Structures are given as structure tokens and as C-alpha cells.
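*Asks:*
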Amino acid sequence: MNEKRIKVELKDKSYEIILRQNIISKTGDYIKKLGAGKKILIVTQDKIPKIYINKVIKNLRKTGYKTYVNSLPSGESYKSLSSLLKILNTAIKNKFERNDSLLALGGGVISDLTGFAASIYLRGINFVCIPTTLLGMVDAAIGGKTAINIKEGKNLIGTFYQPRLVLIDPACLKTLSKKEFLVGMGEVIKYALLEKTGKKVFRNKGFFMYLKNTKNKILELDPATLSKIIEHSVSVKAFIVSKDEKESNLRAILNLGHTFGHGIEQAYNYKKYTHGEAVSIGTCLACKLGNDLKLFSEKDTNLAISLISDFGLPTKLTNLKLLSKITEAMLHDKKIKDGKLRFIIPTNNIGSVKIISGVTINNIIKIFKQHHSGKN
Ligand SMILES: NC(=O)c1ccc[n+]([C@@H]2O[C@H](COP(=O)([O-])OP(=O)(O)OC[C@H]3O[C@@H](n4cnc5c(N)ncnc54)[C@H](O)[C@@H]3O)[C@@H](O)[C@H]2O)c1
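Taking my numbering, the leading residue of the sequence shown gets -6, the next gets one more, and so forth.
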């Protein structure tokens, strides 16, 4: 596979996302072109296969870099203040200077945390990202949102800080669990549902139909198909971030399914549903709301829900016992503007979305109930 380059255009903060099989074995060759300092601190997690870490280190050393490693335990709970301090202490102890780099090798937890550390150490040092989960590749590593969690909530402390370079190696997905892979597929499906709004359309038939027609190849991790879906997802996100880095308008469309999803995650204390599962259910509810508001046809609603289900993602809650807790949590979402719930709703044909506000809580309860009792 030839390498693919996708650019995030942000004037002096522009950077490239480079996609290529086995690119991690060439990490140093690519970083060299940034003119970065000679010290690189790799931040990674214990569940990430050692072979990836060794390949990265081997090439970095070969190309003249001095490497340091912070390996953290896996899990969302390590996107924390104490992990942040650990990274900063390693950089301080080893006298990292502004031109040196922090390199995130892992999923969204590692890229959010390392990006945050890079943004505050010496008021900002180089940040390079090598995402190893599908969600990291198509979403978390791109766009510069960094964060840690505190006990009061997820992602409550963070910055906007763009990486200098993102290297994507689809070969890393071979060792990812099926569950984690599907979480990433939830995001890929999201891009299919909004790509026309972002004006980055995949061929004539559209990305949505491509996902439907190549489902088996995707699930078999066929390298060419995987590269195609990653490349297209990345280009949709890169385009949207280039237009609206700090989410003042267009970037909000990337939250499709999230108003419902966050409510679900929170009501279940982040235990029963993963983020990806909650957003998948949320996306189905957003389609149903779109249909209820006569913005999205019943046929397209059913088609969208069936694609989510084709990939083994949940489309509805197992029961509605916590419905009032969910709607309560939705009302306290940090993205609420002027006390009004905002939703991203699929519209017209598949591929376009619209931001709407002013939906009443009674309407939301009705959508939950209708969707739960429906057949899909
Ligand atoms: N910054 C953003 O724009 C953005 C966007 C979406 C999500 N996020 C954040 O991303 C996080 C979720 O990221 P995630 O879904 O990548 O989860 P994760 O980072 O927790 O990774 C999932 C699990 O897979 C393991 N793993 C990673 N790569 C592997 C590989 N190649 N082989 C085997 N195991 C591997 C990890 O160690 C971990 O146990 C959340 O904290 C979320 O808030 C950020």
C-alpha cells in the first residue's frame, strides 16, 4: 500500500496525517522531517503489544533520537491527574526542552492525556501521535482536543493543542479486541451519516453504501478495505477541523449521537455501556428523532439503524428502567446552550445532518419509548 497523506489545514498549526502499513517501523524517519529535538518521551499502555513499542524505539534510535518510555496501566481511569504528573515528571527529570517531543502510542486515552501534557509542559512542546485503536485513528488523534478526567466528570480539564504529526499504521489493528474495533466502527458509521455536511463525499455511491457492501471485508480486517475506510474517515474529520478548530459551529456535527449517548453513559455510571456503544444507541435515537421531526425518512432511518446493527453494535437500551436518570443527565450536558438541548439530526438522504435546538424533554422521552418498543 502506498502512503496516503491527509492535511489538517490550520495555518501555522497545519499538520499531516500519514497512513501506511507498518509505518511505525519508520517513525524516526518521519519525525526527522519536523526538525524536532533529540529527546522523545513515548507514552503508552501496558496492554499495547510490546512489539509496537520496540519497533518505534528501534527506528527512533537508528535515526539518532534518545528515547524514554512511560508505560501506564490500561483503562479510562488512567486519563488522570496522577498519570499527567508522571509524564511531566519524566520530562522534567530528563531535562526535556521545548523542541523535544512527547509521542503518544496508544488509543484515545493515551493521545488525550499525552496531548494535554505536551500542551502544558514548558507552555507547549512537540506532540506526535501514533494511534493504535480504530477510534484513535479516525477520531481521537485528530483535531487537537486533549483532556484528563477528574472525579466530577470526563474530559473536564483540557486544551486545544494540535499534534505536529499523526502516523497511522492499520497493521496495529490486528491485535485490537473485537469489542474495541467495533467501538471505532461506530465512529466510522458516524462519518458516513454526516459526510455530505462536511462536503467530503466518498465516490458517487457514498461512504454509507461502501460500508454496507464491504462489511465482511471490514470485519475480516482486509488491509486495503481498512485503509480505505480509515483514509476517508480521517479526511472527513480533518476537513471539519480545518474549517472549525475550536467547535464554534461546524465541528459540533461530529457530536452526532452524543447528546443521547452521554446521557446513557452517565446514567449507567460509565459501567454498562462503553462510550462507543452509548453513542451507537444515541445515533439510532437521533435518526428516530429526525424521522419524528420529518427531517429524515423512515426508510433511511431503518437503513442507518440496520448498518449499526450489522456491525454488532447495540441499537437500543436493554430496558428503560433508568430513563428518567438518562434524561436528567442529558439536561446537564456541558454542551447545552442557554438551557436548550441541542441535537445533531440526520436529514434528507443519508450523509447530511443538521443542528437543531428547542426539542422538549417530553419529546425525547417519547422517542426513547417509541424506539424501545419498535422492531429495530
Ligand atoms: N480527543 C478527541 O477528539 C477524542 C475523540 C474521541 C474519543 N476520545 C477519548 O478517547 C478515549 C477512548 O479511546 P479508545 O477507544 O481508543 O480507548 P483506549 O485508549 O482505552 O484503548 C482501548 C484498549 O485497547 C488497548 N489497545 C490499544 N491499542 C491496542 C492494540 N493495537 N492492540 C491491542 N490492544 C490495544 C488499550 O490499552 C486499552 O486497553 C476516551 O477517553 C475518549 O474521551 C477523544
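Built from N, CA and C at the ideal position, the CB exists for glycine as well.
Just so it is clear, the structure is predicted and the values come from calculations on it, not from any experiment.
1) Can you tell me whether Leu52 is helix, strand or coil according to DSSP?
2) Out of Arg54, Lys172, His364, Ala134, which has the shortest C-alpha to C-alpha gap to Thr267?
3) Hey, does Gly254 have any beta-carbon neighbour from chain B nearer than 7 Å?
4) Would the beta-carbon of Gln38 be found less than 6 Å away from any heavy atom of ligand 1?
5) Lys48 to Ile360, Cα distance in whole Å?
6) If we call anything under 7 Å between Cβ atoms a contact, is Leu74 one with Leu127?
7) Does the beta-carbon of Ala133, which I'm using as the reference point, lie nearer than 6 Å to any heavy atom of ligand 1?
8) Under three-state DSSP, which class holds Gly30?
9) Kindly list the residues whose CB is nearer than 7 Å to the CB of Ala271, restricted to its own chain and excluding five residues on each side of it in sequence; keep chain order.
10) Report yes if the C-beta distance between Lys205 and Leu306 is below 7 Å; otherwise report no.
11) At a threshold of 6 Å, does Ile257 count as lining ligand 1 (C-beta to nearest heavy atom)?
12) Quick check: does the Cβ of Ser226 come within less than 6 Å of any heavy atom belonging to ligand 1?
13) Using only alpha-carbon positions, find the residue among Pro339, Gly367, Lys347, Leu334 that is nearest to Ile357.
14) Buried or exposed, going by whether 16 or more other CB atoms sit within 10 Å of the CB of Pro2?
15) If we ignore side chains and look at the alpha-carbon of each, how far apart do Ile135 and Glu69 end up?
16) Below 8 Å on the Cβ atoms is my contact criterion, and I expect Gly344 with Gly177 to pass it. Report the Cβ-Cβ distance as a whole number of Å.
17) Decide if Ala133 is buried, meaning its Cβ has at least 16 other Cβ atoms within 10 Å, or exposed.
18) Can you tell me whether DSSP reads Gly250 as helix, strand or coil?
19) Reducing DSSP to helix, strand and coil, say where Arg116 ends up.
20) What does the alpha-carbon distance come out to for the pair Glu213 and Leu219?
21) Are the beta-carbon atoms of Ser226 and Tyr184 separated by less than 7 Å?
22) With distances taken Cα to Cα, identify the nearest neighbour of Tyr154 among Lys19, Gly117, Asp162.
23) For a quick check, are the C-beta atoms of Asn92 and Tyr61 less than 7 Å apart?
24) Given Arg(-2), which residues of its chain have a CB within under 6 Å of its CB, disregarding the five upstream and five downstream residues?
25) As a quick exercise: from Gly146, Ala84, Ala29, Ser290, pick the residue whose alpha carbon is nearest that of Tyr263.
26) Looking only at C-alpha atoms, which of Val352, Tyr261, Lys192 sits nearest to Ile246?
27) With DSSP run on the structure shown, which of helix, strand or coil describes Thr107?
28) So, using beta-carbon positions, are Ile338 and Ile349 closer together than 7 Å?
29) With burial defined as no fewer than 16 other Cβ atoms inside 10 Å of the residue's Cβ, what is the status of Asn342: buried or exposed?
30) If you drop the 5 nearest sequence neighbours on each side, which residues of the same chain put their C-beta closer than 7 Å to that of Lys19?
31) Work out the CA separation of Thr83 and Ser94 for me, nearest whole Å.
32) For the segment 312 to 358, list the beta strand (DSSP E) runs that are entirely contained and at least 3 residues long, ordered along the chain.
*Replies:* A quick look at the data gives this:
1) If you number the sequence shown from 1, residue 52 lands on position 59. The question names Leu, yet the displayed sequence has Asn at residue 52. Looking at Asn52 - three-state DSSP - the assignment turns out to be helix.
2) As a position in the sequence shown, residue 267 is number 274, starting the count at 1. When each option's Cα is compared against that of Thr267, the closest is Lys172.
3) Absent from the structure: chain B. Only one protein chain is present.
4) Working through the sequence shown from its first residue, we reach residue 38 at position 45. Yes, the beta carbon of Gln38 sits closer than 6 Å to at least one heavy atom of ligand 1.
5) Position 55 of the sequence shown, counted from the start, is the residue given in the question as residue 48. Position 367 of the sequence shown, counted from the start, is the residue given in the question as residue 360. Near 49 Å, if we compare the C-alpha coordinates of Ile360 and Lys48.
6) Stepping through the sequence shown from its first residue, residue 74 is reached at position 81. Stepping through the sequence shown from its first residue, residue 127 is reached at position 134. No, Cβ-Cβ distance for Leu74 and Leu127 is not below 7 Å.
7) Counting from 1 along the sequence shown, the entry for residue 133 is found at position 140. Ala133: yes, Cβ under 6 Å from ligand 1.
8) Here the question's residue 30 lines up with position 37 in the sequence shown. Residue state, collapsed to three classes: coil.
9) Taking the first residue of the sequence shown as position 1, residue 271 is located at position 278. If we look at Ala271 and ignore the five residues flanking it on each side, its Cβ neighbours are Gly254, Ile257, Glu258.
10) Numbered from its first residue, the sequence shown carries residue 205 at position 212. Numbered from its first residue, the sequence shown carries residue 306 at position 313. Contact flag unset, no.
11) Locating residue 257 in the sequence shown gives position 264, where the first residue counts as 1. Incorrect: Ile257 has no Cβ contact closer than 6 Å to ligand 1.
12) In the sequence shown, residue 226 corresponds to position 233, counting from 1. Because no heavy atom of ligand 1 lies under 6 Å away, the Cβ of Ser226 does not count as near it: no.
13) Numbered from its first residue, the sequence shown carries residue 357 at position 364. Among Pro339, Gly367, Lys347, Leu334, the Cα nearest to that of Ile357 is on Leu334.
14) Start at 1 with the first residue of the sequence shown, and residue 2 comes out as number 9. One detail in the question is off: residue 2 reads as Glu in this sequence, not Pro. Result: exposed.
15) Counting from one through the sequence shown, the residue named residue 135 turns up at place 142. Counting from one through the sequence shown, the residue named residue 69 turns up at place 76. Using only the alpha carbons, I get a separation of about 19 Å.
16) Translated into positions along the sequence shown, residue 344 becomes position 351. Translated into positions along the sequence shown, residue 177 becomes position 184. Actually they are not in contact, since the Cβ atoms of Gly344 and Gly177 sit about 20 Å apart, beyond 8 Å.
17) For this step, residue 133 is matched to residue 140 along the sequence shown. Buried, because 16 or more other Cβ atoms sit within 10 Å of the Cβ of Ala133.
18) Locating residue 250 in the sequence shown gives position 257, counting from the first residue. The answer is coil: DSSP assigns Gly250 none of H, G, I, E or B.
19) Locating residue 116 in the sequence shown gives position 123, where the first residue counts as 1. Helix.
20) The residue you call residue 213 lines up with position 220 of the sequence shown. The residue you call residue 219 lines up with position 226 of the sequence shown. Approximately 9 Å between the Cα atoms of the pair.
21) Here residue 226 refers to the residue found at position 233 when the sequence shown is read from its first residue. Here residue 184 refers to the residue found at position 191 when the sequence shown is read from its first residue. A distance below 7 Å separates the beta carbons of Ser226 and Tyr184.
22) For the purposes of this step, residue 154 is taken as the residue at position 161 of the sequence shown. That would be Gly117, whose Cα lies nearest to the Cα of Tyr154.
23) If you number the sequence shown from 1, residue 92 lands on position 99. If you number the sequence shown from 1, residue 61 lands on position 68. No, Cβ-Cβ distance for Asn92 and Tyr61 is not below 7 Å.
24) Counted from its first residue, the sequence shown places residue -2 at position 5. Within the same chain, Arg(-2) has close Cβ partners Glu9, Ile11.
25) As a working note, residue 263 is residue 270 in the sequence shown. Checking every option, the nearest Cα to that of Tyr263 belongs to Gly146.
26) In the sequence shown, the residue the question calls residue 246 occupies position 253. Ranking Val352, Tyr261, Lys192 by CA distance to the CA of Ile246 puts Lys192 first.
27) In the sequence shown, the residue the question calls residue 107 occupies position 114. Looking at Thr107 - three-state DSSP - the assignment turns out to be helix.
28) Start at 1 with the first residue of the sequence shown, and residue 338 comes out as number 345. Start at 1 with the first residue of the sequence shown, and residue 349 comes out as number 356. It is a contact, given that the beta carbons lie within the stated cut-off.
29) For the purposes of this step, residue 342 is taken as the residue at position 349 of the sequence shown. The residue in question, Asn342, is exposed, as its Cβ has fewer than 16 Cβ neighbours within 10 Å.
30) As a working mapping, residue 19 is identified with position 26 in the sequence shown. The residues are Asn52.
31) Counted from its first residue, the sequence shown places residue 94 at position 101. Counted from its first residue, the sequence shown places residue 83 at position 90. Spanning the two alpha carbons is a distance of roughly 12 Å.
32) The DSSP assignment places complete beta strand (DSSP E) segments of no fewer than 3 residues inside the segment 312 to 358 at 335 to 340, 345 to 350, in order along the chain.
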